[in-house]
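Student: In terms of my numbering, the sequence shown has 9 at position 3, counting the first letter as 1, and numbering is strictly consecutive.
By construction, the Cβ of each residue, glycine as well, lies at the ideal position given by its N, Cα and C atoms.
Quick caveat: nothing in here was measured; it's all calculated off a predicted structure.
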Amino acid sequence: NAQLIFTLFDLKLMDRNKMRDDQMWIVHRDNQGNSTIEPLSNYVIDDDKQLDNAYLQGVFGGIPHIDKED
């Protein structure tokens, strides 16, 4: 038995045809810099909902904020 842990930045890989909800985890970071993780299976998401769109709508928590330099 083995486990593979990876991160992704391409939201199109958040696809239920590729992985189950309990195989995808979201990392949350608080204001103090502490991180926690939880599986997507903790969320109630309609089966027909696109996970990448749900992520961008903030369903799983914070949406990344990128500061642009002037």
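Just checking, does the stretch 46-58 make contact with the stretch 12-25 on the three C-beta pairs under 8 Å criterion?
Tutor: The stretch 46-58 vs the stretch 12-25: in contact.
Student: In terms of alpha-carbon separation, which member of Q38, Y49, G39 and N23 lies closest to W31?
Tutor: Of the listed residues, the one whose Cα sits closest to W31 is Y49.
Student: Report the CB separation of D28 from S47 in whole angstroms; it is logged as a contact under 8 Å.
Tutor: Right, their Cβ atoms sit about 4 Å apart.
Student: Is the beta carbon of G67 less than 7 Å from the beta carbon of H34?
Tutor: Taking 7 Å as the Cβ cut-off, G67 and H34 qualify as a contacting pair.
Student: Could you tell me the alpha carbon to alpha carbon distance between G39 and R26, rounded to whole angstroms?
Tutor: Roughly 28 Å separates the two Cα atoms.
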